[in-house]
Amino acid sequence: MKFLCLDCDRQMTFAERQEPGDGTFAASFTCPACGRSVALLANPMETQLVGALGVRIGGRELDEQPMEFVRKNVVGRDDAFVDAPDGTGRTACPAWSAEAEERLARVPGFVRGMVKKIYGEYAADRGIAEITPDVMDRARTELGLEGM
Ligand SMILES: [Zn+2]
Numbered sequence: 008m009k010f011l012c013l014d015c016d017r018q019m020t021f022a023e024r025q026e027p028g029d030g031t032f033a034a035s036f037t038c039p040a041c042g043r044s045v046a047l048l049a050n051p052m053e054t055q056l057v058g059a060l061g062v063r064i065g066g067r068e069l070d071e072q073p074m075e076f077v078r079k080n081v082v083g084r085d086d087a088f089v090d091a092p093d094g095t096g097r098t099a100c101p102a103w104s105a106e107a108e109e110r111l112a113r114v115p116g117f118v119r120g121m122v123k124k125i126y127g128e129y130a131a132d133r134g135i136a137e138i139t140p141d142v143m144d145r146a147r148t149e150l151g152l153e154g155m
């Protein structure tokens, strides 16, 4: 089980695990680049599921196959977070103005990468080369993203 920091595109490293003894467990992971951390909390059923899949959290990766599978299909694809030109006339990767970056920085960390991607796709779809606060306002209104 891995977590990817969307901002940094870095795999978060395991920091700590806790097993209170009631079948649940908690594990925390930290991004080596920006220091952001996330915690994973699992109820007894989820804990068993993870165990059944042969995935160790915070331990050695005993079974490489499931991890490979997850990497390939969920987070590890090379282009998972890159908008590549796909023949639909989209701009590959719109630039962010300093003001827009500043505003993006105020978005809560755990959704920032996703929000950035949403705005990026909005701009790319419309052939907008640079994302500015004005573009963000329009995207918010059009996409119904109030508060993002
Ligand atoms: Zn990070």
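Heads up: the sequence shown begins at 8 in our numbering, then just goes up one per residue.
Even for Gly, the Cβ is constructed at its ideal location relative to N, Cα and C.
Neighbourhood of residue i by C-beta, 8 Å cutoff - its chain only, sequence neighbours within 5 removed
i: methionine 121; result: Leu13
i: proline 51; result: Asp29, Gly30 and Thr31
i: glycine 127; result: Asp90, Cys100, Pro101 and Ile138
i: valine 142; result: Ala107, Tyr126, Tyr129, Ala130 and Ile135
Neighbourhood of residue i by C-beta, 6 Å cutoff - its chain only, sequence neighbours within 5 removed
i: glutamate 106; result: Pro140
i: valine 45; result: Phe10 and Phe36
Per DSSP, the bridge partner or partners of residue i
i: isoleucine 135; result: Its beta-bridge partners do not exist; DSSP assigns none.
i: threonine 37; result: Thr20 and Ser44
i: alanine 10; result: A small fix is needed here, since residue 10 is phenylalanine in this sequence, not alanine. DSSP output for phenylalanine 10 lists no bridge partner at all.
i: glutamine 55; result: Glutamine 55 pairs with nothing; no bridge assigned.
i: alanine 102; result: Glu137
i: phenylalanine 32; result: Ala49
Distance cut-off 7 Å: residue i Cβ against heavy atoms of ligand 1
i: alanine 40; result: yes
i: arginine 119; result: no
i: arginine 43; result: yes
i: aspartate 14; result: yes
i: arginine 110; result: no
i: arginine 147; result: no
Same chain, Cβ closer than 7 Å to residue i, five either side skipped, listed in chain order
i: cysteine 41; result: Cys12, Asp14 and Cys15
i: glutamine 18; result: Lys9 and Leu11
>> I want to know whether the stretch 18-33 touches the stretch 134-148 - three or more CB-CB distances under 8 Å.
In response: no
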